[in-house]
Amino acid sequence: MEELIVELKEKIIDALDLIDITPDDFKEDDRLVGGTIGIDSIDILELAMMIDREYGVKIDNKELGQKVFATLITLAEHIIKNRKG
Amino acid sequence: MNSVGVYITGMGIASSLGIGIPAHHDALKKNSSGIKPLSLFPASPGNNFPTGEIPGLGEAVDLPRTHTLAITAAREALAGRDIIPDAIIIGTTTGGMPRTEVLLKNGEKDSGPYRYHSTSSVAEYCADVFRCEGLVITVTTACSSGTAAIILAFELLRSGRARRVLAGGADALCRLTYYGFNSLQLIDPAGSRPLDRSRRGMTVAEGSAMLLLEAAESRPVGAIAEILGGGLSCDAYHPAAPHPQGDGALAAMKSAIGNAGISASDIEYINLHGTGTLDNDLAEARAVRALFGDAIPPLSSVKGATGHSLAAAGAIEAVISSIVIGEGLIPANTGCVEPDPELKLKPVLQPLHKKISTVLSNSFGFGGNNACLVLSKPGAARERPALQHSFRFEVLGSTCITGAGDMDTTLRNLQVGKSCRGALPLADISKKLPAREVRRLKRLPRIVLSMAMEARELAGAGITISSIFFGTGLGPLSETGDFLSKLFESNEQFVSPTDFVGSVHNAPAGQAAIWLKATGANITATGGDYSFEQALYAASLTAAYGEVLLLMGADEHHDTLSPLFDGSVRASREHSDGGGALCLRAAESPAGIGMAPLFFGNARVNSSAVDSLVQSLGGPERINASYAALFAGIPAGERSAGDKQLHEFLNISAFTGPVIDYRSFIGEFPSASAAAAAIAARLAREGAIPEALAGGTECSLGGKGILLLGLGSFITAIEITAGPL
Chain A
56 MEELIVELKE
66 KIIDALDLID
76 ITPDDFKEDD
86 RLVGGTIGID
96 SIDILELAMM
106 IDREYGVKID
116 NKELGQKVFA
126 TLITLAEHII
136 KNRKG
Chain B
1348 MNSVGVYITG
1358 MGIASSLGIG
1368 IPAHHDALKK
1378 NSSGIKPLSL
1388 FPASPGNNFP
1398 TGEIPGLGEA
1408 VDLPRTHTLA
1418 ITAAREALAG
1428 RDIIPDAIII
1438 GTTTGGMPRT
1448 EVLLKNGEKD
1458 SGPYRYHSTS
1468 SVAEYCADVF
1478 RCEGLVITVT
1488 TACSSGTAAI
1498 ILAFELLRSG
1508 RARRVLAGGA
1518 DALCRLTYYG
1528 FNSLQLIDPA
1538 GSRPLDRSRR
1548 GMTVAEGSAM
1558 LLLEAAESRP
1568 VGAIAEILGG
1578 GLSCDAYHPA
1588 APHPQGDGAL
1598 AAMKSAIGNA
1608 GISASDIEYI
1618 NLHGTGTLDN
1628 DLAEARAVRA
1638 LFGDAIPPLS
1648 SVKGATGHSL
1658 AAAGAIEAVI
1668 SSIVIGEGLI
1678 PANTGCVEPD
1688 PELKLKPVLQ
1698 PLHKKISTVL
1708 SNSFGFGGNN
1718 ACLVLSKPGA
1728 ARERPALQHS
1738 FRFEVLGSTC
1748 ITGAGDMDTT
1758 LRNLQVGKSC
1768 RGALPLADIS
1778 KKLPAREVRR
1788 LKRLPRIVLS
1798 MAMEARELAG
1808 AGITISSIFF
1818 GTGLGPLSET
1828 GDFLSKLFES
1838 NEQFVSPTDF
1848 VGSVHNAPAG
1858 QAAIWLKATG
1868 ANITATGGDY
1878 SFEQALYAAS
1888 LTAAYGEVLL
1898 LMGADEHHDT
1908 LSPLFDGSVR
1918 ASREHSDGGG
1928 ALCLRAAESP
1938 AGIGMAPLFF
1948 GNARVNSSAV
1958 DSLVQSLGGP
1968 ERINASYAAL
1978 FAGIPAGERS
1988 AGDKQLHEFL
1998 NISAFTGPVI
2008 DYRSFIGEFP
2018 SASAAAAAIA
2028 ARLAREGAIP
2038 EALAGGTECS
2048 LGGKGILLLG
2058 LGSFITAIEI
2068 TAGPL
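Which chain is which? The protein sequence lines are A and B, in order.
Numbering-wise (this note's numbering), the first sequence opens with residue 56 and increments by one.
Numbering-wise (this note's numbering), the second sequence opens with residue 1348 and increments by one.
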């Protein structure tokens, strides 16, 4: 899981063009949306598309998205539980 | 008081319920739905959900589906009438995209097949078919476009500047909107169920509706309904989500009712925007409750029957509202089985026969662009409010972005005869913008925001900009190109929701509204090379006396798309972009530099358009007495026709001042005229045209103004005046 979290930090920075953020700025149990990183609802949709493309895991509605994108840990747990292969 | 009423005397419609008014009568009576599985193009695996397609639409080989839809509805609206509209105002967001996206997917490199790409080509095509010689405006305010177009037409008629206007909206289904809305998780896989407690979203649809609107002192024969008023507002809150409390929706409804000269208690039916998304329906319900309190009239959304046809929706619902008034038939809120208790609304669940005199129709869109319309039974005795808007403006400040840089750099170049053509590096455009806040924004919104912030500064401290009018020929090309590239690279599996939200033509103006907290009207006009001029006309039709507004025009260069979509870029083989922004105060007698739109004519159908121009400017004597210099905009793609028109103008008007061919130093992009207007306003303030521009000797304006002409397919005139008239 730790490996996945490291990977996710980089993929999130890349997907959202977070130019002034480094992986160290992410705290794993900080809330992702509205936290210090500055991620909002459109970013979450962008991340949902990225997670589907990279891991084959669909997060296709708002209710699920709110749960899964709560923190980096909840996101990583969801990917591990649902990814194929 | 105003004695002129605006009447609907012809209507045409095409939606998933069918083609033509009778088909809609029938469908509304039976409470049937047109929402069905997609068949227009194959959906990628796992992405198949219902849409609102138009059944049995015969398509022309060389015409995009949006154009076919528009002309189908327009022919019905004008059926059996030997009428040439004075003006055509059409809302569309997709334009030629249904064809363009297929061409791009197939790697088509020849520009010929893209000739109907531009959103402007829909209204222009109708203008050519119906021989309309006057004003043509394309409104692109996302899902409120159709209603906004009708409001502009209403104001044009009420002002006495036209007697008959064809107005409406059209949008055809395409991959861009189908996959785009899906990427925002706004699609209900079971089909739209507005206001239902288990609703999950909207249904993307297509459609078209056109109204023939006529100004008359008394009810004309065949009048179906009268338009009483319209209201525009902007949430200035979020690019794609409504203000949660419905503040913008409430402001637009209030404005429409006030504009109509009635009160909320006069409304007997509300046609809701009601898309079926969780957020829209909740925000709209809150706004309706805030306005009507305990006395909410019967209401319903028809989008569970038609789907959401985007720019066409407002026009379709204006037609349906007219059917409500004419037939006493309230349509059901199709698809809603159990109303969501959180909304605290009681939608009409079955078609209801009831005499209705006055209807409020709501349309809201991306960019927080809201438009509401009030329609009523024609012929009732009523007092109509006096006109509140001004056709003239005082220029409080102006700025531009050219290949050289900002206004000061541009002027320095012009003073020494250096070109300002080119495309400024993105880093230079963005240098005053906070990096984190613009990280999602690509080239066009950055050009717009950069100019908007500077124009506000120039206008002076303590001035609040309330509304924004924006012209763009081709819109956000980077976002559009990136969205389609990702779509096709992934076999239509993955797209960027950020790019979709950004690809909407009105996104830059919506973004500027958020930054400036501009909650008044927010109109984006997309009229090709005449977009900026159309935006100015829109401002002159809606800005109230004393109101301060921002008028902008901008386009971006895109290496792949610009040459395919813009014949002038191809003709010049150069890359230029940028635009202009002017901070204006609506004032009949400007205290300082003034600005006004004077002429808009269709040279493609009127061979004596230059004559008409000279006449409307007051003839040769007045032209020479009023203007010291002429700025001429001749798109490179129309150089020979434009040169001929200019020659003819100079001949007829015997104009003796310097003629400045501004595209030669600003470059070729559709809204080059916005940069030219901003420069002209600055030079008018300085009182002289530098010698390098004026042809060798400095031209003192001597209290006279500058005339800006747009030439080519259309002929336009804007005046910049030097002082009090």
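Every residue, glycine too, gets a C-beta built ideally from N, C-alpha and C.
Since the model is a prediction, treat every value here as computed from it, not as a measurement.
Which of the three DSSP states, helix, strand or coil, is assigned to S1350/B? For this step, residue 1350/B is matched to residue 3 along the second sequence. Here S1350/B sits in coil by DSSP.
Rounding to the nearest angstrom, what Cα-Cα distance links R1428/B and E1801/B in this structure? Along the second sequence, one-based indexing puts residue 1428/B at 81. Along the second sequence, one-based indexing puts residue 1801/B at 454. When rounded, the distance between both Cα atoms is 50 Å.
Note down the Cα distance separating E1564/B from T1494/B, rounded to an integer number of angstroms. Residue numbering aside, residue 1564/B sits at position 217 when the second sequence is read from its first letter. Residue numbering aside, residue 1494/B sits at position 147 when the second sequence is read from its first letter. Distance between the alpha carbons of E1564/B and T1494/B is about 24 Å.
Closer than 9 Å, CB to CB, is T1485/B near chain A or not? By 1-based counting over the second sequence, the position of residue 1485/B is 138. Closer than 9 Å: no.
With a cut-off of 9 Å, does the C-beta of L2072/B fall near any C-beta of chain A? On the second sequence, residue 2072/B is found 725 positions in, with the first residue counted as 1. Residue placement at L2072/B is flagged as unreliable, the pLDDT there being 45, under the threshold of 50; the coordinate-derived value follows with that caveat. Answer no: the Cβ-Cβ gap between L2072/B and chain A never drops below 9 Å.
Alpha carbons only, please: which of E1985/B, A2022/B, A1733/B and P2037/B is nearest the one belonging to V2006/B? As a first step, residue 2006/B must be located in the second sequence, where it is residue number 659. Taking only the C-alpha atoms, the option nearest V2006/B is P2037/B.
Three CB pairs or more closer than 8 Å across the segment 1894–1911 of chain B and the segment 1963–1975 of chain B: no
Distance, Cα to Cα, I94/A vs L102/A? Here the question's residue 94/A lines up with position 39 in the first sequence. Here the question's residue 102/A lines up with position 47 in the first sequence. Taking the CA atoms as reference points, I94/A sits about 10 Å from L102/A.
Give the list of continuous beta strand (DSSP E) stretches no shorter than 3 residues that lie fully inside the segment 1544–1611 of chain B. 1554–1563 and 1572–1581
Less than 8 Å between the CB atoms is what I'm expecting for L1531/B and A1587/B, so what's the real figure, rounded? Here residue 1531/B corresponds to residue number 184 of the second sequence, with the count starting at 1. Here residue 1587/B corresponds to residue number 240 of the second sequence, with the count starting at 1. Rounded, the Cβ-Cβ distance is 6 Å, consistent with contact.
DSSP three-state call for C1683/B: helix, strand or coil? Here residue 1683/B corresponds to residue number 336 of the second sequence, with the count starting at 1. DSSP places C1683/B in coil when its eight states are reduced to three.
G1515/B, buried or exposed, once every other Cβ within 10 Å from all chains shown has been counted against 16: Residue mapping note: residue 1515/B aligns to position 168 of the second sequence, counting from 1. It counts as buried.
In terms of DSSP beta bridges, what is I1355/B paired with? As a working mapping, residue 1355/B is identified with position 8 in the second sequence. For I1355/B, which the question treats as bridged, DSSP gives the partners L1560/B and A1572/B.
Along the chain, which unbroken stretches of the beta strand (DSSP E) at least 3 residues long are found entirely within the segment 1675–1722 of chain B? Counting whole runs of 3 or more residues, the segment 1675–1722 of chain B contains the beta strand (DSSP E) stretches 1705–1712.
List the residues of chain B whose Cβ lies closer than 9 Å to the Cβ of E132/A, in chain order. The residue labelled residue 132/A in the question sits at position 77 within the first sequence. Correct list: empty, because the minimum Cβ distance to chain B is about 21 Å.
Between which two residues does the alpha helix (DSSP H) harbouring C1473/B extend? On the second sequence, position 126 is the one that residue 1473/B refers to. Note, C1473/B: alpha helix (DSSP H), S1467 to V1476.
Cβ atoms of R1510/B and D1628/B: under 9 Å apart, would you say? The count along the second sequence starts at 1 and reaches residue 1628/B at position 281. The count along the second sequence starts at 1 and reaches residue 1510/B at position 163. No. Outside cutoff.
What do you reckon, are the CB atoms on A2022/B and T1749/B nearer than 9 Å? By one-based count along the second sequence, residue 2022/B stands at place 675. By one-based count along the second sequence, residue 1749/B stands at place 402. Contact: yes.
Whole angstroms is fine: what's the gap from D84/A's alpha carbon to T126/A's? What you label residue 84/A is simply residue 29 of the first sequence in a count that begins at 1. What you label residue 126/A is simply residue 71 of the first sequence in a count that begins at 1. Cα to Cα, the separation comes out at about 5 Å.
Can you name the residues of chain B whose CB is closer than 7 Å to the CB of D75/A? As a position in the first sequence, residue 75/A is number 20, starting the count at 1. Those within 7 Å of D75/A in chain B are A1782 and R1783.
Just the chain B side, please: which residues come within less than 8 Å of D115/A by C-beta, in chain order? In the first sequence, counting from the first residue as 1, residue 115/A sits at position 60. Simply Q1532.
Among I1617/B, N1606/B, S1612/B and D1626/B, nearest to P1589/B - alpha-carbon criterion: Counting from 1 along the second sequence, the entry for residue 1589/B is found at position 242. Distances from the alpha-carbon of P1589/B to those of I1617/B, N1606/B, S1612/B and D1626/B put D1626/B closest.
Return the residues of the segment 1830–1852 of chain B that lie within a Cβ-Cβ distance of less than 8 Å from chain A, sorted by chain order. S1837, Q1840, F1841, V1842, S1843, P1844, T1845 and V1848
Candidates R1759/B, L1523/B, L1657/B and R1920/B, of which the one nearest A1390/B by Cα: Stepping through the second sequence from its first residue, residue 1390/B is reached at position 43. When only C-alpha atoms are compared, the closest one is L1523/B.
Anything in the segment 1575–1590 of chain B with a Cβ closer than 9 Å to a Cβ of chain A? List those residues in chain order, please. H1585, P1586, A1587 and A1588
Would you check if the distance between the CB atom of K1789/B and the CB atom of S1825/B is smaller than 9 Å? Along the second sequence, one-based indexing puts residue 1789/B at 442. Along the second sequence, one-based indexing puts residue 1825/B at 478. Against a cut-off of 9 Å, the Cβ pair of S1825/B and K1789/B comes out as a contact.
Is the Cβ of L1773/B closer than 9 Å to any Cβ of chain A? Position 426 of the second sequence holds residue 1773/B. It does not; no Cβ of chain A falls within 9 Å.
Do L1945/B and E1839/B have their C-beta atoms closer together than 9 Å? In the second sequence, counting from the first residue as 1, residue 1945/B sits at position 598. In the second sequence, counting from the first residue as 1, residue 1839/B sits at position 492. Against a cut-off of 9 Å, the Cβ pair of E1839/B and L1945/B comes out as no contact.
Please decide whether R1547/B counts as near chain A, where near means a Cβ-Cβ distance under 9 Å. As a working note, residue 1547/B is residue 200 in the second sequence. Chain A, which has a Cβ nearer than 9 Å to the Cβ of R1547/B, makes this yes.
Output the boundary residues of the alpha helix (DSSP H) element that contains P1445/B. As a position in the second sequence, residue 1445/B is number 98, starting the count at 1. Judged by DSSP secondary structure, P1445/B falls within the alpha helix (DSSP H) whose first and last residues are M1444 to K1452.
Alpha-carbon spacing of L2072/B relative to P1781/B, whole angstroms: Within the second sequence, numbered from 1, the residue matching residue 2072/B stands at position 725. Within the second sequence, numbered from 1, the residue matching residue 1781/B stands at position 434. Low confidence applies to L2072/B: its pLDDT is 45, below 50, so where it sits in the model is not reliable, and the reading given next is rough at best. So the two alpha carbons sit approximately 41 Å from each other.
Below 8 Å on C-beta distance, what does A1786/B contact in chain A? Position 439 of the second sequence holds residue 1786/B. According to the sequence as given, residue 1786/B is Arg; it is not Ala. In chain order: L71, D72, L73 and I74.
Is the Cβ of I94/A closer than 9 Å to any Cβ of chain B? As a working note, residue 94/A is residue 39 in the first sequence. Not an interface residue.
Specify the secondary structure class of F1996/B as computed by DSSP and reduced to three states. Here residue 1996/B refers to the residue found at position 649 of the second sequence. DSSP places F1996/B in helix when its eight states are reduced to three.
Compute the Euclidean distance between the alpha carbons of C1581/B and L1896/B, then round it to the nearest angstrom. Numbered from 1 along the second sequence, position 234 holds the residue referred to as residue 1581/B. Numbered from 1 along the second sequence, position 549 holds the residue referred to as residue 1896/B. Whole-angstrom Cα-Cα distance: 13 Å.
Would a C-beta distance cut-off of 9 Å place S1710/B and V1721/B closer than the cut-off? The sequence position of residue 1710/B within the second sequence is 363, counting from 1. The sequence position of residue 1721/B within the second sequence is 374, counting from 1. Going by C-beta atoms, S1710/B is not nearer than 9 Å to V1721/B.
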